[in-house]
Structures are given as structure tokens and as C-alpha cells.
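Note that full-length UniProt numbering gives residue 129 to position 129 of the sequence shown, counting from 1, and the numbers run on in steps of one. Read the structure below first, then the notes.
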Amino acid sequence: MARPMAFNKDEALDQAVGLFWNRGFEATSIRDLTAELGITATSLYNAFGDKQQLFLLALERYCQQRQSAQLAQLDLEPSPRKAVELLFQHAIDAYLSDKDRRGCFLANTALERAPHDPEVAAVVRRGFEEAEKFLARKISEAQAKNEIGNKQKPAMLARGMLAAFLGLRSMVRAGASKSELQSALSGVLSVLD
Numbered sequence: 001m002a003r004p005m006a007f008n009k010d011e012a013l014d015q016a017v018g019l020f021w022n023r024g025f026e027a028t029s030i031r032d033l034t035a036e037l038g039i040t041a042t043s044l045y046n047a048f049g050d051k052q053q054l055f056l057l058a059l060e061r062y063c064q065q066r067q068s069a070q071l072a073q074l075d076l077e078p079s080p081r082k083a084v085e086l087l088f089q090h091a092i093d094a095y096l097s098d099k100d101r102r103g104c105f106l107a108n109t110a111l112e113r114a115p116h117d118p119e120v121a122a123v124v125r126r127g128f129e130e131a132e133k134f135l136a137r138k139i140s141e142a143q144a145k146n147e148i149g150n151k152q153k154p155a156m157l158a159r160g161m162l163a164a165f166l167g168l169r170s171m172v173r174a175g176a177s178k179s180e181l182q183s184a185l186s187g188v189l190s191v192l193d
């Protein structure tokens with residue numbers, strides 16, 4: 001009887017994130033996953049369920065490891081306005097440094113899978129809601145500190161900024177230059193004044 005293959009599930013999830021991020025759900029096969037993760041199909045199914053379940057776990061891990069961690073770090077910024085600005089600037093810098101210009105795994109998934117899969121749509125919505133709540137809170141704090149002049153409802157401003165944030169990510173995927181992205185960012189941030 002063959003001995004079950006031992007592997008680190010967290011590392012395997014990180015590898016799955018990379019593969020799904022690079023190729024998308026549809027273009028990633030079980031064979032691709034087993035080759036990337038270095039495990040057998042049986043081990044994959046035993047550890048993660050089917051491809052759909054692995055994708056959901058990978059997407060949740062991405063949200064936790066990338067988005068939640070980044071927002072927690074930005075929460076340490078003493079200036080709420082600066083935290084909002086840094087959120088956008090860090091995203092642009094990260095995407096420009098990615099030679100493959102993959103954009104955002106969460107935003108890519110929102111376009112590719114969410115319209116056809118309620119489970120994926122729920123994870124995407126949670127990720128977007130987390131970002132929107134962060135923006136609304138920081139905008140409210142910035143208004144209270146008179147760091148921004150726009151006194152519209154923070155939730156409304158946050159939703160518009162989230163839409164712009166997702167648009168910037170799409171621009172990156174389409175090959176926008178750094179100067180084009182910086183110009184777009186200036187326009188987005190001007191709504192705070």
C-alpha cells in the first residue's frame with residue numbers, strides 16, 4: 001500500500017493562489033494543480049475537495065494574506081487621509097512591479113467567476129466589503145481631523161473610491177503606464193478635497 005504524501009497545506013494553498021491568479025479558474029486543470037503543488041490528485045481531493053473548493057480556499061487565503069494584512073498595516077498610519085492615499089499607491093506600485101501584470105486576483109475573479117458562481121461571488125463581496133468599510137472608516141476619520149474637505153457621506157465616497165480602485169487595477173492589466181496610473185490616481189484622490 002502506498003504511503004500518503006505529506007505536504008504543507010498552507011504552502012500548497014499559496015501555490016494554488018499563484019496558479020489560479022496566473023491562469024484563472026477555467027484555464028487551470030487538476031493536472032496543472034497537482035504538478036504545481038507537487039501532490040497526487042488523490043492527495044489534492046483528500047486535502048481540499050474538488051477544484052472548486054480549492055479555488056474558494058485559495059481566494060479566501062489571498063484575501064486574508066494580501067488584503068486583510070495590507071489593511072491592518074495601513075491602519076497603523078497616523079493620518080487617515082495618508083492611509084487612503086497609500087492604499088492606492090501601494091496597489092499601483094505592486095501591480096507595476098509584477099512583470100506579468102496579473103492585476104488583482106480578487107478583482108479578476110469578480111469578472112471571471114463571480115457572475116457564474118454564487119459561492120465565489122460571496123467571497124468576492126466579502127473582500128470588497130472589507131475594503132469599502134476600511135475606506136469609509138478612514139474617510140470619516142479624515143473628515144473629523146479636517147484632512148479632507150469633502151463632507152459627503154463616507155460610505156458613498158468609499159464606494160466610489162472602491163470602484164475607482166478596481167478600475168485602476170483593470171488599467172494595470174490593460175498595460176497602462178506608470179504616468180497614466182499616477183494621473184488617474186490624482187483624479188481619484190481629488191474627490192477627497
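Note that the Cβ used here is the ideal one computed from N, Cα and C, for glycine as well.
Exposed or buried, residue i, counting other C-beta atoms within 10 Å across all chains shown (16 or more means buried)?
i: Pro154; result: buried
i: Ala27; result: exposed
i: Leu181; result: buried
i: Met161; result: buried
i: Ala2; result: For Ala2, the predicted model reports a pLDDT of 48, less than 50, meaning its position is unreliable and no value from the coordinates is stated.
i: Gly175; result: exposed
i: Gln152; result: exposed
i: Tyr69; result: The sequence shown places Ala at residue 69, rather than the Tyr named in the question. It counts as exposed.
For residue i, report the span of its alpha helix (DSSP H) as first-last.
i: Arg101; result: Where Arg101 is concerned, there is no enclosing alpha helix (DSSP H), given that its DSSP letter is neither H nor E.
i: Ile39; result: Counting along the chain, Ile39 falls outside any alpha helix (DSSP H), and DSSP gives it neither H nor E.
i: Ala69; result: 69-74
i: Ile148; result: Ile148 -> no alpha helix (DSSP H), and no H or E assigned at all.
i: Gly49; result: Per DSSP, Gly49 belongs to no alpha helix (DSSP H) and is neither H nor E.
i: Pro154; result: 154-173
i: Asp10; result: 9-23
i: Ala184; result: 178-189
So, under 8 Å CB-CB, residue i and residue j are touching, yes? Tell me the CB distance rounded to an integer number of Å.
i: Gly49; j: Phe7; result: Actually they are not in contact, since the Cβ atoms of Gly49 and Phe7 sit about 16 Å apart, beyond 8 Å.
i: Ala94; j: Arg169; result: With a Cβ gap of about 10 Å, Ala94 and Arg169 do not count as contacting.
i: Asp100; j: Asn22; result: 7 Å
i: Leu54; j: Leu33; result: 7 Å
i: Leu135; j: Val191; result: Incorrect: roughly 11 Å between the Cβ atoms, too far for contact.
The ligand SAM heavy atoms versus the CB of residue i: any closer than 8 Å?
i: Leu157; result: The ligand SAM is not part of the structure shown, which contains no ligands of any sort.
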